[in-house]
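**Q** Counting from 9, one number per residue, gives the positions in the sequence shown under my numbering.
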Amino acid sequence: MFFGTYTPKLDEKGRLFLPAKFRDQLTEGLVVTRGQERCLTVWSMEDFGRLTERLREAPVTNKGTRDYVRMLFAAASHEVPDKQGRISIPPALREYASLNKDVVVIGSMNRIEIWDPASWTAYSEEQEQKFSELSDEVFPGI
9 MFFGTYTPKL DEKGRLFLPA KFRDQLTEGL VVTRGQERCL TVWSMEDFGR
59 LTERLREAPV TNKGTRDYVR MLFAAASHEV PDKQGRISIP PALREYASLN
109 KDVVVIGSMN RIEIWDPASW TAYSEEQEQK FSELSDEVFP GI
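(1) Cα separation between residue 47 and residue 117?
(2) For residue 101 and residue 140, what's the separation of their Cα atoms in angstroms?
(3) Helix, strand or coil for residue 77? Go by DSSP, reduced to three states.
(4) Starting from residue 127, trace the alpha helix (DSSP H) in both directions and tell me its first and last residue.
(5) Consult DSSP for residue 71 and reduce its assignment to one of helix, strand or coil.
(6) Identify whether residue 20 lies in helix, strand or coil by the three-state DSSP scheme.
(7) Hey, would you say residue 111 sits closer than 9 angstroms to residue 124, going by beta carbons?
(8) Using the C-alpha atoms, what's the distance from residue 121 back to residue 30?
(9) Report the start-end ranges of each beta strand (DSSP E) in the segment 78-122 that is 3 residues or longer and not cut off at the edges.
(10) Looking at the structure shown, is residue 63 part of a helix, part of a strand, or coil, going by DSSP?
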């Protein structure tokens, strides 16, 4: 499980030091791809495999399924952390998420998200207003 907020930096080659607390779960490799709200999503190989299996079950005759699969897989990059815990973020993904040197990395249960700091700040400030209301939607009756 991934949780917490970290602020590592991209190096001049577009490599990111994964937070130390996340590295053990990703030593066998990971997939980084587009996420929603213009962030990047990092999946362990195991969880990306589960996601892939669920998408295989979705009807390819559904245009939404086709669109989602195309966007997700076209941008996907398989990475293996080096001995220092770094992964490369491909240029197209850095551009998609507006990543420069400073980034915000958040744990989001079974995945990691990588954000541009200004985008994360704007998003989290907007969501903070809704957080207590969302609990009723996510956990009705509790």
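Just so you know, even glycine gets a beta-carbon here, dropped at the ideal spot from N, CA and C.
All figures in this text were calculated on a predicted structure; none of them were measured in a lab.
**A** The answer reads as follows:
(1) Near 16 angstroms, if we compare the C-alpha coordinates of residue 117 and residue 47.
(2) If you take the alpha carbons of residue 101 and residue 140, they lie about 32 angstroms apart.
(3) Residue state, collapsed to three classes: helix.
(4) In the DSSP assignment, residue 127 falls within the alpha helix (DSSP H) that extends over 125-146.
(5) Residue 71: helix per DSSP, three-state reduction.
(6) If DSSP states are grouped into helix, strand and coil, residue 20 belongs with coil.
(7) Yes; because the gap between Cβ atoms is below 9 angstroms, this pair is in contact.
(8) Inter-residue distance for residue 30 and residue 121 is about 12 angstroms (C-alpha atoms, whole angstroms).
(9) DSSP runs (the beta strand (DSSP E)) wholly in the segment 78-122: 85-87, 94-96, 112-116.
(10) Residue state, collapsed to three classes: helix.
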